[in-house]
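Residues 85 to 415 in the numbering used here are what the sequence shown spells out, letter by letter. All remarks here apply to the structure that follows.
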Amino acid sequence: MRVRHRDGIHFDLEGGPVVADARSAVGAVNVVSHAHADHTFRSTPETVVCSAETAAIAEARTGTGFPFVERGPGVELVPAGHVVGSRAAIIDDGGENEDGRRYCYTGDFSVRDRCYLEGFDPTAIDANVLVMETTYGLPTYRFPPQEALESRIRDWLRDNDDRPLFLFGYSLGRAQKLQWLAGEATGRDVLVSESIRDVNRAIETATGLEFAGERYESLRGLSDEIVVLPSNQARADWVETAVDREGGLKAGFSGWAVDDSFSYRGNYDATFPLTDHCDFDELVATVRAIDPERVYTHHGFDEAFADVLETEYGYRARPLKRNQTTLEEFR
Ligand SMILES: [Zn+2]
85 MRVRHRDGIH FDLEGGPVVA DARSAVGAVN VVSHAHADHT FRSTPETVVC
135 SAETAAIAEA RTGTGFPFVE RGPGVELVPA GHVVGSRAAI IDDGGENEDG
185 RRYCYTGDFS VRDRCYLEGF DPTAIDANVL VMETTYGLPT YRFPPQEALE
235 SRIRDWLRDN DDRPLFLFGY SLGRAQKLQW LAGEATGRDV LVSESIRDVN
285 RAIETATGLE FAGERYESLR GLSDEIVVLP SNQARADWVE TAVDREGGLK
335 AGFSGWAVDD SFSYRGNYDA TFPLTDHCDF DELVATVRAI DPERVYTHHG
385 FDEAFADVLE TEYGYRARPL KRNQTTLEEF R
């Protein structure tokens with residue numbers, strides 16, 4: 085059994101490769117962990133293993149649907165707590181003897197219950213090998229408890245009730261949580277971009293959740309509206325012009341907010357480390373709860389985090405580098 089990081093993460097099983105989160109469907113079984121753009125296909129594959137919510141959201145975002153099943157040969161999905169529909173995959177190579185291995189591939193994940201989403205539960209995972217994302221795998225990235233963080237955000241929204249507020253987050257994930265928090269904190273109108281409105285609708289149809297955001301017609305003549313926009317537009321000219329003209333304030337929401345440069349990059353008046361990923365301590369706690377024989381890390385601070393696992397916690401861990409084949413050498 086080999087694990088490789090090529091286009092997506094490849095698990096070479098006897099019956100053919102299981103490939104997770106690739107841009108091209110090259111596996112015998114193809115898994116999509118969630119509907120963020122970097123995890124969906126360029127061309128339509130035959131059948132994908134993913135949740136019904138992920139299929140619905142991906143279709144709403146790309147305009148193309150694909151056939152899916154919620155479990156495949158040797159593959160079982162469990163909630164990953166990252167965005168609506170996100171799943172981790174348990175991949176079983178079917179071995180009955182001591183060589184048999186169970187892999188847990190996390191995709192992007194978060195262990196925190198937040199707003200309408202339940203976190204990933206590592207205590208429910210039985211796996212020998214953990215393949216995990218380590219976006220925030222440095223001790224710098226420790227975020228406040230979710231309750232405290234959400235209450236700080238609600239306070240900021242209430243303290244600034246005399247002007248329009250522009251909130252920035254990914255169209256799928258953060259944008260819905262910001263609408264949710266705005267709804268909890270205030271009775272103010274919430275306006276969203278077209279891309280966020282489309283994601284709202286897909287999630288509403290797939291889950292029965294409801295989001296308050298209305299697609300804005302114009303950003304002129306605002307009073308105290310809360311405007312939720314995609315984070316990649318934070319410094320766009322049309323945004324800066326609207327914020328200045330309307331006397332608004334800008335807030336950015338991301339785990340990167342613990343870096344001073346985050347505020348500068350988005351030209352934000354306020355920033356909050358609201359994230360859909362684990363922080364450093366939660367990554368460590370996940371490994372200790374699953375207690376696997378081997379850990380492979382990918383994304384973000386993969387090298388540094390594997391190093392911490394080896395030196396401080398005694399796990400056999402290594403980063404899964406792109407285009408580098410990893411032959412498992414533990415038996
Ligand atoms: Zn993601």
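Cβ coordinates follow ideal geometry from the N, Cα and C atoms, glycine included.
If we ignore side chains and look at the alpha-carbon of each, how far apart do D282 and G156 end up?
In the sequence shown, the residue the question calls residue 282 occupies position 198. In the sequence shown, the residue the question calls residue 156 occupies position 72. Looking at the two C-alpha atoms, the distance is approximately 29 Å.
With a threshold of 7 Å (Cβ to nearest heavy atom), would H118 be considered close to ligand 1?
On the sequence shown, position 34 is the one that residue 118 refers to. True, at least one ligand heavy atom lies under 7 Å from that Cβ.
Would you call the CB atoms of H166 and G191 closer than 8 Å?
Along the sequence shown, one-based indexing puts residue 166 at 82. Along the sequence shown, one-based indexing puts residue 191 at 107. Taking 8 Å as the Cβ cut-off, H166 and G191 qualify as a contacting pair.
Would you mind reading off the limits of the alpha helix (DSSP H) that contains N60?
Past the boundaries of the shown model lies residue 60; the chain is included only from 85 to 415, so the question cannot be answered.
Three-state secondary structure (DSSP) at N181?
In the sequence shown, counting from the first residue as 1, residue 181 sits at position 97. Bear in mind that a pLDDT of 46 at N181, under 50, signals an unreliable position, so the model cannot answer this.
Going by CA-CA distance only, name the one from H94, W240, D365 and K334 that's closest to A320.
Taking the sequence shown and counting its residues from 1, one reaches residue 320 at position 236. Minimum Cα distance to A320 is reached at K334.
Below 8 Å between beta carbons: does that hold for F250 and V311?
Here the question's residue 250 lines up with position 166 in the sequence shown. Here the question's residue 311 lines up with position 227 in the sequence shown. Closer than 8 Å, so yes.
Pick from N244, C362, L241 and E294: whose alpha carbon is nearest that of F385?
Within the sequence shown, the letter at position 301 stands for residue 385. Minimum Cα distance to F385 is reached at C362.
Nearer than 7 Å: is that true of the beta carbon of D192 relative to any heavy atom of ligand 1?
Mapped onto the sequence shown, residue 192 falls at position 108. Because some heavy atom of ligand 1 lies under 7 Å away, the Cβ of D192 counts as near it: yes.
Using 8 Å for Cβ pairs, my map puts L275 next to E309. What's the rounded Cβ distance?
Your numbering for residue 275 matches position 191 in the sequence shown. Your numbering for residue 309 matches position 225 in the sequence shown. With a Cβ gap of about 5 Å, L275 and E309 count as contacting.
Using 10 angstroms around the beta-carbon of P403, count the other beta-carbons present and answer buried if the total reaches 16, otherwise exposed.
Taking the first residue of the sequence shown as 1, we reach residue 403 at position 319. So P403 ends up on the buried side.
By Cβ distance, which residues of its chain are closer than 8 Å to G100, with the 5 residues on each side in sequence left out?
As a position in the sequence shown, residue 100 is number 16, starting the count at 1. Only G111, A112 and V113 meet the Cβ criterion.
Below 6 Å CB to CB, which residues in the same chain sit around L303 once its five sequence neighbours on both sides are set aside?
Here residue 303 refers to the residue found at position 219 when the sequence shown is read from its first residue. Counting only Cβ-Cβ distances below 6 Å, and skipping sequence neighbours, we find A326.
Would you mind giving the Cβ-Cβ distance between H383 and T218, rounded to the nearest angstrom? I have them listed as a contact below 8 Å.
As a first step, residue 383 must be located in the sequence shown, where it is residue number 299. As a first step, residue 218 must be located in the sequence shown, where it is residue number 134. Between T218 and H383 the Cβ distance is about 6 Å, and since that is below 8 Å, they are a contact.
So the beta strand (DSSP E) K405 belongs to, where does it begin and stop?
Walking along the sequence shown from the start, residue 405 turns up at place 321. Segment: none, K405 is in no beta strand (DSSP E) and carries neither H nor E.
I374 to H94, Cα distance in whole Å?
What you label residue 374 is simply residue 290 of the sequence shown in a count that begins at 1. What you label residue 94 is simply residue 10 of the sequence shown in a count that begins at 1. Taking the straight line from one Cα to the other gives about 21 Å.
Do you know offhand how far S338's Cα is from L393's?
Residue numbering aside, residue 338 sits at position 254 when the sequence shown is read from its first letter. Residue numbering aside, residue 393 sits at position 309 when the sequence shown is read from its first letter. Cα to Cα, the separation comes out at about 25 Å.
So G253 is in the beta strand (DSSP E); what residue range does that whole segment cover?
For the purposes of this step, residue 253 is taken as residue 169 along the sequence shown, with counting starting at 1. Looking at the DSSP string, the run of the beta strand (DSSP E) that includes G253 is L249 to G253.
Would the C-beta of H166 count as close to ligand 1, meaning under 7 Å from any of its heavy atoms?
Within the sequence shown, numbered from 1, the residue matching residue 166 stands at position 82. Under cutoff, so the answer is yes.
Out of R258, F193, T207 and E396, which has the shortest C-alpha to C-alpha gap to G336?
Taking the first residue of the sequence shown as position 1, residue 336 is located at position 252. Comparing Cα-Cα distances from G336 to each of R258, F193, T207 and E396, the minimum goes to R258.
Could you check whether F356 and L222 sit closer than 8 Å to each other, using their CB atoms as the reference points?
Along the sequence shown, one-based indexing puts residue 222 at 138. Along the sequence shown, one-based indexing puts residue 356 at 272. Taking 8 Å as the Cβ cut-off, L222 and F356 do not qualify as a contacting pair.
Buried or exposed for D328, please, with buried defined as at least 16 other CB atoms from any protein chain shown within 10 angstroms of its CB.
Within the sequence shown, residue 328 is the residue found at index 244, counting from 1. The residue is exposed, with fewer than 16 neighbouring Cβ atoms inside 10 Å.
Taking just the CA atoms, how far does G149 sit from R236?
Translated into the one-based positions of the sequence shown, residue 236 becomes position 152. Translated into the one-based positions of the sequence shown, residue 149 becomes position 65. Looking at the two C-alpha atoms, the distance is approximately 39 Å.
What separation, rounded to the nearest whole angstrom, lies between the Cα atoms of A388 and H89?
For the purposes of this step, residue 388 is identified with residue 304 of the sequence shown, where counting begins at 1. For the purposes of this step, residue 89 is identified with residue 5 of the sequence shown, where counting begins at 1. Straight-line Cα distance between these residues: approximately 18 Å.
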